[in-house]
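Peer 1:
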Amino acid sequence: MKQNDSVFFRYIYLVTLFLITLTGFGAMPIFKRYYIADIPGFGWLDKFYVTHYMHYFMAIIFIGLIFYAFVRNVVLEKMKVSLSGYIRGIMFSIITISGLFLVIKNLNCCYFSPNIVIILDLIHVSSVMMFLIFALICLIFKLKWKK
Ligand code: HEM
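Quick note on numbering: our numbering labels position 138 of the sequence shown as 1118, and the sequence is numbered without any gaps.
(1) Could you give the distance in angstroms between the alpha-carbon of Thr1003 and the alpha-carbon of Ser1062?
(2) If we call anything under 8 Å between Cβ atoms a contact, is Arg1068 one with Ala1115?
(3) Examine the ligand HEM and report whether any of its heavy atoms sits within less than 7 Å of the Cβ of Met1059.
(4) Of all the options Ile1120, Ala1049 and Val1083, which has the alpha carbon lying nearest to the alpha carbon of Phe988?
(5) Count the other CB atoms, across all protein chains shown, that sit within 10 Å of the CB of Phe1037; report buried if there are 16 or more and exposed otherwise.
(6) Which of the three DSSP states, helix, strand or coil, is assigned to Lys1058?
(7) Taking the C-alpha atoms as reference points, what is the distance between Met1071 and Leu1080?
(8) Could you give the distance in angstroms between the alpha-carbon of Ile1084 and the alpha-carbon of Ser1078?
Written out as structure tokens, the structure reads:
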């Protein structure tokens, strides 16, 4: 990916990651409990359907960005993926697949037993937490996606 492209891509990727994480945690009643939603301009963080549908919208952008980066770098430019790149790729896949099942769970057509919903939610949130911690480690130790 050319220098300018990758700077632009990186900027969009980081904004998407921030907003998808913010809206994801917005699904939990934490922003009201810890008075974050009381800060002027942050009241929307306490509105479940606002954060819920923003999470869906950010999820579409997130999946689009990941797919674009994979096709552009790995398929077309034959980029050699590093070990930390593979680990992040696997975490993205688990986050996305569990997220897609949670979307299906929210559709009227499909019934998921309460146990399945809890398992899906735990897989989604734990893979998200593992990804965010690992991404921070990669940032600190400058671990690149590319070998
Ligand atoms: C790095 C990306 C992502 C992060 C950080 C993230 C984070 C979260 C968090 C923290 C929750 C709250 C879980 C709970 O209430 O216990 C959540 C819920 C959810 N996420 Fe994600 N998520 C991400 C990607 C996705 C993707 C790609 C999809 C869809 C394909 C998705 C769909 C959902 C759905 C449907 C819910 C449940 C909302 C509900 O019904 O309460 N997420 N996400």
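Glycine residues also receive a C-beta, built at the ideal position from the N, C-alpha and C atoms.
Peer 2: If we stick to the structure as given:
(1) Between Thr1003 and Ser1062, the alpha-carbon positions lie close to 30 Å from each other.
(2) Cβ distance < 8 Å, so Arg1068 and Ala1115 count as in contact.
(3) Answer for Met1059: no, Cβ out of range of the ligand HEM.
(4) Check the Cα spacing between Phe988 and each of Ile1120, Ala1049 and Val1083: the tightest is with Ala1049.
(5) A residue is called buried when at least 16 other Cβ atoms come within 10 angstroms of its Cβ; Phe1037 does not meet this threshold and is exposed.
(6) Lys1058 sits in coil when the DSSP states are folded into three classes, being neither helix nor strand.
(7) Linking Met1071 to Leu1080 through their CA atoms gives a straight-line distance of about 14 Å.
(8) The alpha-carbon atoms of Ile1084 and Ser1078 are separated by roughly 10 Å.
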